[in-house]
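K.L.:
Note that my numbering has the sequence shown beginning at 26, numbered continuously upward.
For each residue, glycine too, the CB sits at the ideal point set by N, CA and C.
Only a predicted model underlies this, so the values are computations on that prediction, with no experimental measurement involved.
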Amino acid sequence: MNKNLHILFIKKPVLTLIIILMSVCTAFSQVKIVKAYPNPATAVINFEFQKIADKNAVLQIYSFSGKKMADVNVSGGKVSIALDNEYYRGIYVFQLRDKNGKIIETGKFQVVK
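1. Identify every run of the alpha helix (DSSP H) within the segment 78-102, keeping only runs that are complete inside it and at least 4 residues long; order them along the chain.
2. Of all the options K103, G126, V69, F119, which has the alpha carbon lying nearest to the alpha carbon of G91?
3. Since I believe R114 is in contact with V137 (beta carbons under 8 Å), could you give me their beta-carbon distance rounded to a whole number of angstroms?
4. Tell whether a beta-carbon distance below 7 Å holds between V104 and L84.
5. Tell me the residue span of the beta strand (DSSP E) that contains G132.
6. Going by DSSP, what residue range makes up the beta strand (DSSP E) through A66?
7. Between Y62, G102, K133, which has its C-alpha nearest I116's C-alpha?
8. Could you check the C-alpha separation between K60 and N71 for me, to the nearest Å?
Here's what the structure looks like:
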């Protein structure tokens, strides 16, 4: 089977190049903008933003049941949110949205108290 695969690469160099470029593009498109830590969190969750083109971006946090827990304007490179008594043990989802409400990135974190 390796012999056939090797022949495919020799006979179709353009196809090989396209596949390699698609793999590289996919890897770059999955670069995370938001880093949430510590995960799992106990008392505070920090969000660091690698690059935000829109300075009017909003970070929204939802409980797993869909309740909006926080709505924070993001103007700098870091946001910290205290996990008060409203945050119970469980999974939470965050969304980074631009000024038009379009989701830039989404992720999740866990609270363990």
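P.N.:
Reading it off the structure:
1. none
2. To locate residue 91, count along the sequence shown from 1; it is residue 66. The shortest C-alpha separation from G91 is found at F119.
3. Along the sequence shown, read from residue 1 onward, the residue named residue 137 stands at position 112. Along the sequence shown, read from residue 1 onward, the residue named residue 114 stands at position 89. Right, their Cβ atoms sit about 6 Å apart.
4. Residue numbering aside, residue 104 sits at position 79 when the sequence shown is read from its first letter. Residue numbering aside, residue 84 sits at position 59 when the sequence shown is read from its first letter. It is a contact, given that the beta carbons lie within the stated cut-off.
5. Stepping through the sequence shown from its first residue, residue 132 is reached at position 107. Here the beta strand (DSSP E) through G132 covers 128-136.
6. As a working note, residue 66 is residue 41 in the sequence shown. Looking at the DSSP string, A66 is not in any beta strand (DSSP E), and its letter there is neither H nor E.
7. Counting from one through the sequence shown, the residue named residue 116 turns up at place 91. Per the Cα distances, K133.
8. Indexing the sequence shown from 1 puts residue 60 at position 35. Indexing the sequence shown from 1 puts residue 71 at position 46. Spanning the two alpha carbons is a distance of roughly 8 Å.
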